[in-house]
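Undergrad: Take this structure first; my questions come after.
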Amino acid sequence: MDQLELIQRKIYEIRGQKVMLDRDLATMYGVETRALNQAVKRNMERFPEDFMFQLTDEETADWKSQIVMSNSIKMGLRRNPYAFTELGVAMLSSVLNSKAAIQVNMGIMRAFVAVRQIINLPSATQFVQLQNEVKELKDYLEEVFTDQNDINEDTRMQLELINQTLAELQAQRRQAEKPRNPIGFIKPK
Numbered sequence: 243m244d245q246l247e248l249i250q251r252k253i254y255e256i257r258g259q260k261v262m263l264d265r266d267l268a269t270m271y272g273v274e275t276r277a278l279n280q281a282v283k284r285n286m287e288r289f290p291e292d293f294m295f296q297l298t299d300e301e302t303a304d305w306k307s308q309i310v311m312s313n314s315i316k317m318g319l320r321r322n323p324y325a326f327t328e329l330g331v332a333m334l335s336s337v338l339n340s341k342a343a344i345q346v347n348m349g350i351m352r353a354f355v356a357v358r359q360i361i362n363l364p365s366a367t368q369f370v371q372l373q374n375e376v377k378e379l380k381d382y383l384e385e386v387f388t389d390q391n392d393i394n395e396d397t398r399m400q401l402e403l404i405n406q407t408l409a410e411l412q413a414q415r416r417q418a419e420k421p422r423n424p425i426g427f428i429k430p431k
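Per the working numbering, numbering through the sequence shown is continuous, rising by one, with the last residue being 431.
Rendered as structure tokens:
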């Protein structure tokens, strides 16, 4: 397993964001978790909430159930871990200013980009399935329009027959209402 895959496995989705936990990052950077967190605390102005946040007790409980770990309540931790977003990980390289940190940080950035690309690109089977659904929808619409045109043609013919019959009836009515010339001798007045 290459480094990129190892890093990708350490990227979790929490609060709808892709994040890495402080202890995973500390292991990758080759420092203790408390040293990483101290460096972050000394530079808190660089880590707003969209860069880093601390997990709540509920999130830690949910997170424990998703990741197989020890059965202890906080997995051996005294406090809830910090989660770093992609922006937070990028900011860590300026806080942990060592050659190793820079190299690890480049690998992490590549992993985040790879994860984003995997999420954004639909698989080939999904693409083919979507193409088939669009084709079925197109065929159905063509069939509906063809039926509608057939109905329209039949309706047009029926309307023409109705109009023709109405015209004949009106002509007969006019003929019937026309005053007739009297038959026979008319007396002069």
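Where a beta carbon is used, it is the ideal one built from N, C-alpha and C, also for glycine. Bear in mind that the values here come from a model prediction, so they are computed numbers and not experimental data.
Can you name the start and end residues of the alpha helix (DSSP H) that Lys-260 belongs to?
TA: Taken as a continuous stretch (DSSP letters only), Lys-260 belongs to no alpha helix (DSSP H), being part of the beta strand (DSSP E) at 259-263.
Undergrad: Pairing CB atoms from the stretch 271-281 with CB atoms from the stretch 376-392, are three or more of them under 8 Å?
TA: no
Undergrad: Given this structure, state the Cα-to-Cα distance separating Leu-411 from Asp-396, to the nearest angstrom.
TA: The alpha-carbon atoms of Leu-411 and Asp-396 are separated by roughly 23 Å.
Undergrad: Could you give the C-beta distance for Ala-332 and Gln-250, rounded to a whole number, given that I count them as a contact under 8 Å?
TA: Not quite, the Cβ-Cβ distance comes to about 17 Å (not below 8 Å), so this is no contact.
Undergrad: Could you tell me the alpha carbon to alpha carbon distance between Arg-284 and Leu-338, rounded to whole angstroms?
TA: 11 Å
Undergrad: Roughly how many angstroms lie between the CA atoms of Phe-387 and Leu-372, to the nearest whole one?
TA: 23 Å
Undergrad: Could you give the residue range of the alpha helix (DSSP H) that holds Glu-274?
TA: No alpha helix (DSSP H) contains Glu-274, which DSSP labels as neither H nor E.
Undergrad: Please report how far the alpha carbon of Arg-265 lies from the alpha carbon of Glu-274, in whole angstroms.
TA: 8 Å
Undergrad: Are the beta-carbon atoms of Leu-263 and Ala-303 separated by less than 7 Å?
TA: no
Undergrad: Please confirm whether Tyr-271 and Ala-343 have their CB atoms less than 7 Å apart.
TA: yes
Undergrad: Go through its chain and collect everything with a Cβ distance to Glu-301's Cβ below 8 Å, but skip five positions before and after it.
TA: Ile-256, Arg-257 and Asn-322
Undergrad: Quick one: using the 10 Å Cβ neighbour count with 16 as the cut-off for buried, is Ser-314 buried or exposed?
TA: Model confidence at Ser-314 stands at a pLDDT of 44, short of 50, so the residue's coordinates are unreliable and nothing is read from them.
Undergrad: Under a three-way DSSP split, which group does Ile-425 fall into?
TA: Secondary structure at Ile-425: coil, using DSSP grouped into helix, strand and coil.
Undergrad: Report buried or exposed for Gly-426, applying the criterion of at least 16 other Cβ atoms within 10 angstroms of its Cβ.
TA: exposed
Undergrad: Using three-state DSSP, classify Leu-248 as helix, strand or coil.
TA: Reduced to three states, the DSSP call for Leu-248 is helix.
Undergrad: Quick one: residues in its chain with C-beta nearer than 8 Å to the C-beta of Ile-253, no 5 flanking neighbours on either side, listed in chain order?
TA: Lys-260, Val-261, Met-262, Ala-353, Phe-354 and Val-357
Undergrad: Could you give the uninterrupted runs of the beta strand (DSSP E) lying entirely in the stretch 318-389, keeping only those of 3 residues or more?
TA: 324-327
Undergrad: Heavy atom of the ligand SAM less than 6 Å from the Cβ of Lys-429, yes or no?
TA: Ligands in the displayed structure: none, and consequently the ligand SAM is not present.
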